[in-house]
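Asks:
Right, here's the structure in full:
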């Protein structure tokens with residue numbers, strides 16, 4: 001693939017040129033500091049944050065790392081949804097049932113999906129990342145591949161600090177700046193994070209209740225329908241026309257939604273096309289529309305995806321991630337069938 005290889009080389013070279021134009025990381029952040037002061041952030045906050053900034057080479061390496069497309073759902077799901085994770089998810093689902101039910105009723109989201117996202121994003125609040133979020137964001141803005149995006153996130157991180165939700169020392173996250181038990185970017189925090197425990201702060205790092213409410217509010221705001229699940233794995237007949245499936249490789253969410261609309265039809269219509277449950281039984285007789293998704297193409301698993309699948313794809317536009325969320329959510333309640 002010479003054309004693709006050339007495109008990758010150009011993409012890799014662009015940040016190097018951008019850095020050369022910006023000077024050193026220290027020079028870049030000095031200019032960023034002046035911009036922060038001009039925007040009206042408190043000088044004490046600006047001084048504290050900018051004195052703490054450091055360049056994370058590991059964040060740049062992680063951002064540039066090319067994924068290897070050798071994974072399939074059959075290899076991905078056992079790692080992401082391990083038996084240990086399922087066991088813990090069921091345990092926490094039961095332990096926090098009263099809290100989860102209250103939040104689920106308030107936001108209109110089934111608690112099992114809250115727990116599934118909590119478990120997959122931060123291992124139930126145990127792995128939230130140890131990068132200073134402002135430093136990680138400043139590093140990636142300086143790197144230049146997505147400067148506008150990370151610079152915007154950096155200033156939103158300053159907003160969160162200025163509002164007093166978390167201290168600078170506690171504002172830790174992933175190499176990309178995703179934060180807390182819900183792994184929200186600062187922009188997601190500002191749009192969706194909630195004060196679930198009513199203490200006047202939104203602390204998705206220390207407060208499990210805030211994290212639960214924030215996850216639920218994200219899903220609700222993006223159109224979650226609690227009367228439905230996420231989707232189901234199905235079987236297709238030997239002569240199935242795969243043009244009904246949503247194509248892979250969409251350039252953005254807008255195009256993906258266009259393709260979704262072309263694939264979407266009623267369960268009765270899918271039944272008429274020969275689609276059946278994995279046990280070979282008829283599809284449910286419910287007035288629900290679904291699109292068809294095949295993360296691993298014609299030789300892999302086949303799913304009918306309901307409207308909640310769209311919401312999960314807004315959280316992370318990855319078929320593998322969304323499937324892992326739905327798969328874990330189903331397994332959480334598989335014991336009691338609730």
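Numbering (the UniProt record's numbering), first residue to last: 1 to 338.
Just so it is clear, CB atoms sit at the ideal spot from N, CA and C, and this is done for glycine as well.
(1) Mapping the DSSP letters down to three states, classify residue 303 as helix, strand or coil.
(2) At which residue ranges does the segment 77-119 contain complete beta strand (DSSP E) runs of 3 or more residues, listed in the order of the chain?
(3) So does residue 219 have its beta carbon nearer than 7 Å to some heavy atom of the ligand NAP?
(4) Which two residues bound the contiguous alpha helix (DSSP H) that contains residue 42?
(5) On the criterion of 16 or more Cβ atoms from any shown chain inside 10 Å, does residue 204 qualify as buried, or is it exposed?
(6) Is the segment 221-239 touching the segment 154-168 in the sense that three or more CB pairs, one from each, lie closer than 8 Å?
(7) Go to residue 235, then tell me how far its beta strand (DSSP E) extends in each direction, as first and last residue.
(8) What does the alpha-carbon distance come out to for the pair residue 298 and residue 286?
(9) For residue 218, collect the residues of the same chain with a Cβ closer than 6 Å to its Cβ; drop the 5 residues on either side in sequence, then sort them by chain order.
(10) Less than 8 Å between C-beta atoms, sequence neighbours within five positions excluded: which residues of the same chain meet that for residue 282?
(11) Quick one: using the 10 Å Cβ neighbour count with 16 as the cut-off for buried, is residue 61 buried or exposed?
(12) Helix, strand or coil for residue 155? Go by DSSP, reduced to three states.
(13) In terms of alpha-carbon separation, which member of 114, 293 and 334 lies closest to residue 317?
Replies: Inspection of the coordinates gives the following:
(1) strand
(2) none
(3) In the structure shown, the ligand NAP is absent, as is every other ligand, since no ligand is present at all.
(4) That residue, residue 42, is in no alpha helix (DSSP H); it is neither H nor E in DSSP.
(5) buried
(6) no
(7) 231-235
(8) 27 Å
(9) 192
(10) Apart from the 5 residues on each side of it in sequence, residue 282 sits with its Cβ closer than 8 Å to the Cβ of 271 and 276 in its chain, given in chain order.
(11) A residue is called buried when at least 16 other Cβ atoms come within 10 angstroms of its Cβ; residue 61 does not meet this threshold and is exposed.
(12) helix
(13) Of the candidates 114, 293 and 334, 293 places its Cα closest to the Cα of residue 317.
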